[in-house]
Structures are given as structure tokens and as C-alpha cells.
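A.B. asks: The sequence shown begins at 510 in the numbering used here and counts up one residue at a time.
Just so it is clear, CB atoms sit at the ideal spot from N, CA and C, and this is done for glycine as well.
There's a structure below that I have some questions on.
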Amino acid sequence: MRTRVKICGITRRQDAEFAVEMGADALGLVFYPASPRAVSIAQAKEIVDGLAPFVSIVALFVNAEPDSVYACIEALPNVILQFHGDESAEYCEQFCRPYLKAIRMKTNTDLDHLANQYDSAAAILLDSYQPGVPGGTGQVFNWSLIKKINKPLILAGGLNVDNVASAIEQVQPYAVDVSGGVEQAKGVKDKQKITAFMQEVANG
510 MRTRVKICGI TRRQDAEFAV EMGADALGLV FYPASPRAVS IAQAKEIVDG LAPFVSIVAL
570 FVNAEPDSVY ACIEALPNVI LQFHGDESAE YCEQFCRPYL KAIRMKTNTD LDHLANQYDS
630 AAAILLDSYQ PGVPGGTGQV FNWSLIKKIN KPLILAGGLN VDNVASAIEQ VQPYAVDVSG
690 GVEQAKGVKD KQKITAFMQE VANG
């Protein structure tokens with residue numbers, strides 16, 4: 510089965526267009542003000558309006574006020590939501606939109622329990638755990654902690670051109686999620702890195 514690719518932390522229209530051209534399946538927009546890759550709704554619309562079809566747009570939130578999420582949905586009606594904080598299943602479900610729930614992996618994380626808890630999620634995204642940092646750490650976690658769950662699995666956390674093929678071989682995820690691994694600076698993507706990353710995924 511082909512491994513899908515989500516390129517997250519898009520802040521520029523030209524990066525979105527190039528990622529789509531290279532075959533990315535999804536683009537991630539960060540609506541978490543503390544992130545160096547954060548965008549406003551107005552910026553998000555400039556980035557995605559008129560992009561080629563068949564590419565999913567994912568809006569990432571961290572413990573956001575519901576009104577902020579609703580405002581994003583109104584502006585980007587086809588968006589998929591990604592919740593990267595401590596949101597409950599009930600919180601995630603209130604928006605009546607497909608959503609991804611991120612889980613930051615620790616050695617004692619009970620993945621089966623959490624996957625069941627977020628049974629309404631379209632997929633579970635696994636990221637590295639770092640105290641006080643909800644994501645975007647650039648750190649790889651121990652992939653052997655991953656157990657097979659009855660839910661599509663998206664692998665994130667420190668992926669880059671050097672390790673993504675190994676990650677796919679070991680974890681066999683539905684999709685991989687990359688941000689810093691294809692950047693020249695935070696929020697500024699690198700064409701050569703995107704091209705190489707996509708090639709490694711295809712080879713994985």
C-alpha cells in the first residue's frame with residue numbers, strides 16, 4: 510500500500526504549490542500562536558485558495574477555544590482538523606468534522622486505550638514527547654513502542670530524508686507527517702529536501 514505524505518507547517522503559497530506538485534497528499538496549517546510556523550486564517554486562505562484538487566488541508570490546533578476552530582471551519586469549509594493538545598474525544602467531536610488526534614509517545618503510553626478513547630478520529634497521529642512542547646520537536650521517538658491499532662496510523666516526529674524509508678519499513682504507517690525535516694528555516698520549506706523526502710517515501 511502506498512504511504513501517504515502530509516507536509517506540515519506550511520506558511521507560504523509557493524511551498525504549498527511545490528509540495529502539491531511533488532505529490533504531497535495533505536498540507537498542514539498550524540493555528541497555534543506559540544508555534545514559529547503559525548498562520549492566521551487570512552494567511553491560510555491565501556496559501557490554499559485555488560490549489561489543485563485532491564489534496565487535503567489539515568488545520569492543527571492545540572487546546573484551542575472552540576470559537577477559533579469554528580472560525581477556521583467557516584473560512585476553510587473542507588478542512589480536516591488535527592488536535593495536538595489535551596483535547597478530549599468529546600471536544601474533538603463537537604465540530605462534526607473529520608479529525609486527527611495526535612498522541613505524544615512515552616514509554617508507558619497505552620496506545621490501545623487511547624485509540625479506543627478516540628474511536629471517532631479519522632486517524633491517530635503519533636509524535637515525539639517532550640515536556641511542555643506539543644509538537645514540532647524534530648525528535649524521533651522509539652518506534653518499537655508502536656503497537657498495531659484498528660485505526661489508520663500517521664507517523665510524525667523527527668522524520669527526514671535519512672530516516673523516513675526505515676520508518677516506513679518498520680512501522681508501516683498509513684501516512685508520514687514531516688515539517689522541520691523538509692525546511693531551510695522554521696516555516697520555510699526547502700524544495701530539494703521535499704523532493705528527496707518524497708522520493709524516499711516512494712522507495713520505502
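Can you tell me the Cα-Cα spacing of Glu526 and Ala694, whole angstroms?
C.D. replies: Taking the straight line joining both Cα atoms gives about 18 Å.
A.B. asks: Grab me the residues of Leu623's own chain with a C-beta within less than 7 Å of its C-beta, minus the 5 sequence neighbours each way, in chain order.
C.D. replies: Result list for Leu623: Ile612, in chain order.
A.B. asks: In terms of alpha-carbon separation, which member of Val670, Asn669, Glu555 and Pro682 lies closest to Pro661?
C.D. replies: That would be Pro682, whose Cα lies nearest to the Cα of Pro661.
A.B. asks: Alpha carbons only, please: which of Gly689, Asn712 and Gly713 is nearest the one belonging to Lys702?
C.D. replies: Out of Gly689, Asn712 and Gly713, the CA that lies nearest to the CA of Lys702 is found in Gly689.
A.B. asks: Between the C-alpha atoms of Leu536 and Thr520, what's the straight-line distance to the nearest angstrom?
C.D. replies: 10 Å
A.B. asks: Between Ser565 and the rest of its own chain, which residues show a CB-CB distance below 7 Å, the 5 nearest in sequence each way excluded?
C.D. replies: Asp534, Ala535 and Ile589
A.B. asks: What first and last residue would you give for the alpha helix (DSSP H) that runs through Val571?
C.D. replies: Element bounds for Val571: n/a, residue is neither H nor E.
A.B. asks: For Gly707, name the three-state secondary structure that DSSP assigns.
C.D. replies: With the sequence shown as reference, residue 707 is identified as Met, and Gly is not the correct amino acid for it. In the three-state reduction of the DSSP assignment, Met707 falls in the helix class, which pools H, G and I.
A.B. asks: Between which two residues does the alpha helix (DSSP H) carrying Ile663 extend?
C.D. replies: Run containing Ile663: none in the alpha helix (DSSP H); it sits in the beta strand (DSSP E), Leu662 to Leu664.
A.B. asks: Below 8 Å between beta carbons: does that hold for Val567 and His593?
C.D. replies: no
A.B. asks: CB-CB under 6 Å to Ile655, same chain, minus the five flanking residues each way: which ones, in chain order?
C.D. replies: Val680
A.B. asks: Alpha carbon to alpha carbon, what distance is there between Glu709 and Glu678?
C.D. replies: A straight-line Cα-Cα distance of about 11 Å links Glu678 and Glu709.
A.B. asks: Just the Cα atoms here: how many angstroms apart are Thr704 and Gly667?
C.D. replies: In a straight line, the C-alpha of Thr704 is about 17 Å away from that of Gly667.
A.B. asks: How close, in whole Å, do the beta carbons of Gln639 and Gln648 come, if the pair is a contact with beta carbons under 8 Å?
C.D. replies: 6 Å
A.B. asks: Please classify Arg511 as buried or exposed, where buried requires at least 16 other C-beta atoms within 10 Å of its C-beta.
C.D. replies: exposed
A.B. asks: My guess is that Phe540 and Cys581 are in contact by the Cβ rule of under 8 Å, so how many angstroms apart are they, rounded?
C.D. replies: 6 Å
A.B. asks: What residue ranges within the region 555 to 625 form continuous beta strand (DSSP E) runs of no fewer than 3 residues, ordered along the chain?
C.D. replies: Correct list: 565 to 570, 589 to 592 and 608 to 614.
A.B. asks: Please list the terminal residues of the continuous alpha helix (DSSP H) segment that includes Gln679.
C.D. replies: Val673 to Val680
A.B. asks: Let me know the secondary structure DSSP gives Arg513 once reduced to three states.
C.D. replies: strand
A.B. asks: When the Cα of Val529 is compared with those of Met707, Gly713 and Asn712, which residue comes out closest?
C.D. replies: Met707
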